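Colleague: Here it is, the structure, as structure tokens.
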Amino acid sequence: MICKRIEYTDFRNIEKEALDLSPETTILYGKNAQGKTNMLEGIYLFAQGKSHRAGKDSELVRFGAGRAELSMKYVSGGRENTLSLVIEDGKRKLPYKNGIKLDRLSEMIGNFRAVLFSPEHLAIVKSGPSERRAFLDVAISQLRPVYMRTLQRYNTVLLQRNSLLKSMKQGASPSLTASLEAWSEQLAEYAARIAVVRAGYAEKLSGITSELYSDMTGSRETVSVSYHGTSRIGGDYGDEARIRTIYKKQLTENVEREVLAGSTQYGIHKDDFDIMLNGREAKFFASQGQQRSIVLTLKLAEGEYSKLETGEYPVFLLDDILSELDPARRSYVISGIKERQVVITSCDTSVKRRIKGGLSYYIKAGSAARVNRD
Ligand SMILES: Nc1ncnc2c1ncn2[C@@H]1O[C@H](COP(=O)(O)OP(=O)(O)O)[C@@H](O)[C@H]1O
Ligand SMILES: [Mg+2]
1 MICKRIEYTD FRNIEKEALD LSPETTILYG KNAQGKTNML EGIYLFAQGK SHRAGKDSEL
61 VRFGAGRAEL SMKYVSGGRE NTLSLVIEDG KRKLPYKNGI KLDRLSEMIG NFRAVLFSPE
121 HLAIVKSGPS ERRAFLDVAI SQLRPVYMRT LQRYNTVLLQ RNSLLKSMKQ GASPSLTASL
181 EAWSEQLAEY AARIAVVRAG YAEKLSGITS ELYSDMTGSR ETVSVSYHGT SRIGGDYGDE
241 ARIRTIYKKQ LTENVEREVL AGSTQYGIHK DDFDIMLNGR EAKFFASQGQ QRSIVLTLKL
301 AEGEYSKLET GEYPVFLLDD ILSELDPARR SYVISGIKER QVVITSCDTS VKRRIKGGLS
361 YYIKAGSAAR VNRD
């Protein structure tokens, strides 16, 4: 997968700019708050369908402008394609692929694949389950478009079930109880489908991560990743029907508690995955350095697995990550991403000297100036 060119119009602080990207490494460097991350965000939008940091789409439109537009040319499977996106009146419009309007945003996902790596991701080990779930969901969605649709359906049913629980708090009635039953059935069905895919993905990732981890750290430490739904599942995700029954049972047995809370207390929106270092929970026992290495290898493993499934590497987007690494890990990452397309942002101009080949741009106030590599 190669991103060849991206054009921005009134996107964040970029009024009008285009970047031609090297098939190897492209470096975007410059001072703080100039638009380096904005440029990566624009590329990543095509992979994920939504921004990794904006709460609302309207944030993406340049202050004072009414409409933002992004257009990207990329090569996948030897074929050149274009994708384009418009954000207007504070909302994303449907994307276009090769000039043809897609029916849904989710149809775009999986066309262009990228792995983003930003300093916030260092929290995947330490922070709460929602960051870990987001990591899985984003990675899997790019490989399986159906997964994303199931997730969207799950979330819709979840909202409906929650509002029903709130109504029941005001006073239950037989018809509300019957509706709840139906929503629980639906929710359990989607939950099982999602949990099985997530668990399978975690298992695949586990092996790759562990291998990369010992490579990177030159140690014999092992890292494993396993999906963690409810304890009743007991780690065995082989049988979807069984998983569905377990989720369903939880939703049926705890209605009183859920009515009291006014929201759904069980399901894949509460699930998590465990990251173990040498058999112990990394969240509690890994040092800062170990956490960093774990997250780095998780992201590299995401890229490796994507290559295994699709036959080509995704584009790696490294946002301000190199300066945070010690020299050993930095050179591991730099050598580890050879033969892949990488776009790197950095405040540190010395990054240009450390990486040979490719293109460099100096980013200032939303504009990019091509710089010769020395
Ligand atoms: N919608 C927007 N319109 C105009 N400027 C924006 C918008 N959103 C963010 N910015 C500006 O973009 C700059 C931050 O860009 P960013 O890419 O995060 O910087 P960096 O180069 O440090 O990565 C800030 O100056 C911010 O005010
Ligand atoms: Mg930045």
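Residue numbers (the working numbering): 1 to 374. The beta carbon of each residue, even a glycine, is placed where N, CA and C say it ideally should be. Note that the structure is a prediction, hence the values are computed from the model and not measured.
(1) Got a sec: does ligand 2 put a non-hydrogen atom nearer than 7 Å to the Cβ of K338?
(2) With distances taken from CA atoms, which of K352, R340, D320 and S350 is nearest N32?
(3) Please list the segments of the alpha helix (DSSP H) lying wholly inside the segment 134-171, counting only runs of 4 or more residues, in order along the chain.
(4) Using only Cβ atoms and a threshold of 5 Å, which residues come within that distance of a heavy atom of ligand 4? Order them by chain position.
(5) Does the beta-carbon of K299 have 16 or more other beta-carbons within 10 angstroms, so that it is buried, or is it exposed?
(6) Roughly how many angstroms lie between the CA atoms of L277 and T230, to the nearest whole one?
(7) Can you tell which of Y237, A202, A241 and R242 has the C-alpha that lies nearest to the C-alpha of V223?
(8) Can the beta-carbon of L187 be found closer than 8 Å to that of V157?
(9) Thinking just about the alpha-carbon of each residue, which of S263, A114, Q290 and L102 is nearest to the one in S76?
(10) Heavy atom of ligand 2 less than 7 Å from the Cβ of T264, yes or no?
(11) Looking at ligand 2, does it come within less than 7 Å of T26, judged from the CB to the closest heavy atom?
(12) Nearest to Q142 by CA position, among E7, R53 and I109, is which residue?
(13) Measuring only the C-alpha atoms, how far is I233 from I246?
(14) Where does N38 land, buried or exposed, given buried means 16+ other C-beta within 10 angstroms?
(15) C3: which of I208, L40, E256 and N254 sits nearest, CA to CA?
(16) Just to confirm, are R67 and E88 a CB contact at a threshold of 8 Å?
(17) Quick check on the burial criterion: 16 or more other C-beta atoms within 10 angstroms. Buried or exposed for E258?
(18) Taking the Cβ atom as the reference point for each residue, do I355 and T150 lie within a distance shorter than 8 Å?
(19) Unbroken beta strand (DSSP E) runs of length 3 or more, entirely within the segment 68-124: which are they?
(20) Does the Cβ-Cβ distance between G267 and L165 come in under 8 Å?
(21) Does the Cβ of T349 lie closer than 7 Å to at least one heavy atom of ligand 2?
(22) Which residue spans inside the segment 21-52 form an unbroken alpha helix (DSSP H) run of at least 4?
(23) Between F316 and F117, how many whole angstroms is the CB-CB distance? I'm expecting something under 8 Å.
(24) Assuming contact is defined by CB atoms lying nearer than 8 Å, are K36 and L28 in contact in what I supplied?
(25) Is the beta carbon of S51 sitting closer than 8 Å to the one on L60?
(26) Taking just the CA atoms, how far does Q170 sit from P95?
(27) Once the 5 residues before and after A123 are set aside, which same chain residues still bring their CB inside 6 Å of it?
(28) K56 to E189, Cα distance in whole Å?
(29) Quick one: is the Cβ of T345 within less than 7 Å of any heavy atom of ligand 2?
(30) Say the cut is 7 Å; is the CB of D319 nearer than that to a heavy atom of ligand 2?
(31) In the DSSP assignment, what residue or residues form a beta bridge with D274?
(32) Give a yes or no on whether the C-beta atoms belonging to Y227 and A191 are separated by under 8 Å.
(33) Give the secondary structure of S360 by DSSP, where H, G and I count as helix, E and B as strand, and everything else as coil.
(34) Identify every residue that forms a DSSP beta bridge with Y8.
(35) Using only CA atoms, which one of V342, R193, T264 and D137 lies nearest to W183?
(36) May I ask which residues mark the beginning and end of the beta strand (DSSP E) holding R370?
Modeller: So, to answer that:
(1) Locating residue 338 in the sequence shown gives position 338, where the first residue counts as 1. K338 Cβ: outside cutoff for every heavy atom of ligand 2.
(2) Here residue 32 refers to the residue found at position 32 of the sequence shown. Of K352, R340, D320 and S350, the residue nearest in Cα terms is D320.
(3) 145-170
(4) For the structure depicted, ligand 4 is absent and the ligand set comprises only ligand 1 and ligand 2.
(5) Counting from one through the sequence shown, the residue named residue 299 turns up at place 299. Buried is the call here.
(6) Position 277 of the sequence shown, counted from the first residue, corresponds to residue 277. Position 230 of the sequence shown, counted from the first residue, corresponds to residue 230. Each residue's alpha carbon lies about 21 Å from the other.
(7) Here residue 223 corresponds to residue number 223 of the sequence shown, with the count starting at 1. It is A202 whose Cα lies nearest to the Cα of V223.
(8) To locate residue 187, count along the sequence shown from 1; it is residue 187. To locate residue 157, count along the sequence shown from 1; it is residue 157. Cβ distance < 8 Å, so L187 and V157 count as in contact.
(9) Position 76 of the sequence shown, counted from the start, is the residue given in the question as residue 76. Of S263, A114, Q290 and L102, the residue nearest in Cα terms is A114.
(10) Within the sequence shown, the letter at position 264 stands for residue 264. Outside the cutoff, so no.
(11) Counting from one through the sequence shown, the residue named residue 26 turns up at place 26. Outside the cutoff, so no.
(12) As a position in the sequence shown, residue 142 is number 142, starting the count at 1. The option with the nearest alpha carbon to Q142 is I109.
(13) What you label residue 233 is simply residue 233 of the sequence shown in a count that begins at 1. What you label residue 246 is simply residue 246 of the sequence shown in a count that begins at 1. Their Cα atoms are separated by approximately 7 Å.
(14) Counting from 1 along the sequence shown, the entry for residue 38 is found at position 38. Buried.
(15) Start at 1 with the first residue of the sequence shown, and residue 3 comes out as number 3. Per the Cα distances, L40.
(16) The residue labelled residue 67 in the question sits at position 67 within the sequence shown. The residue labelled residue 88 in the question sits at position 88 within the sequence shown. In contact: R67 and E88 (Cβ atoms closer than 8 Å).
(17) Within the sequence shown, the letter at position 258 stands for residue 258. Per the 10 Å Cβ criterion, buried.
(18) The residue labelled residue 355 in the question sits at position 355 within the sequence shown. The residue labelled residue 150 in the question sits at position 150 within the sequence shown. In this structure, T150 does not lie closer than 8 Å to I355 by Cβ.
(19) 79-88 and 114-117
(20) Looking up residue 267 in the sequence shown gives position 267. Looking up residue 165 in the sequence shown gives position 165. Contact: no.
(21) As a first step, residue 349 must be located in the sequence shown, where it is residue number 349. It does not: the Cβ of T349 is nowhere closer than 7 Å to a heavy atom of ligand 2.
(22) 36-48
(23) One-based indexing of the sequence shown puts residue 316 at position 316. One-based indexing of the sequence shown puts residue 117 at position 117. Going by Cβ atoms, the distance from F316 to F117 rounds to 7 Å, so yes, they are a contact pair.
(24) In the sequence shown, residue 36 corresponds to position 36, counting from 1. In the sequence shown, residue 28 corresponds to position 28, counting from 1. Result yes, Cβ atoms of K36 and L28 sit closer than 8 Å.
(25) On the sequence shown, residue 51 is found 51 positions in, with the first residue counted as 1. On the sequence shown, residue 60 is found 60 positions in, with the first residue counted as 1. Yes; because the gap between Cβ atoms is below 8 Å, this pair is in contact.
(26) Taking the sequence shown and counting its residues from 1, the one referred to as residue 95 is at position 95. Taking the sequence shown and counting its residues from 1, the one referred to as residue 170 is at position 170. If you take the alpha carbons of P95 and Q170, they lie about 42 Å apart.
(27) The sequence position of residue 123 within the sequence shown is 123, counting from 1. If we look at A123 and ignore the five residues flanking it on each side, its Cβ neighbours are E131.
(28) The count along the sequence shown starts at 1 and reaches residue 56 at position 56. The count along the sequence shown starts at 1 and reaches residue 189 at position 189. Their Cα atoms are separated by approximately 30 Å.
(29) Position 345 of the sequence shown, counting from 1, holds the residue named residue 345. Checking every heavy atom of ligand 2 against the Cβ of T345, one is found closer than 7 Å.
(30) The residue given as residue 319 occupies position 319 in the sequence shown. D319: yes, Cβ under 7 Å from ligand 2.
(31) As a first step, residue 274 is located in the sequence shown; it is residue number 274 there, counting from the start. In the DSSP output, where bridge partners are listed per residue, D274 has S226.
(32) Indexing the sequence shown from 1 puts residue 227 at position 227. Indexing the sequence shown from 1 puts residue 191 at position 191. For Y227 and A191, no; Cβs fall outside 8 Å.
(33) As a position in the sequence shown, residue 360 is number 360, starting the count at 1. In this structure, S360 counts as strand in the three-state DSSP scheme.
(34) For the purposes of this step, residue 8 is identified with residue 8 of the sequence shown, where counting begins at 1. Paired residue(s): E17 and L70.
(35) Here residue 183 refers to the residue found at position 183 of the sequence shown. Taking only the C-alpha atoms, the option nearest W183 is T264.
(36) In the sequence shown, counting from the first residue as 1, residue 370 sits at position 370. Start and end: S367 to V371.
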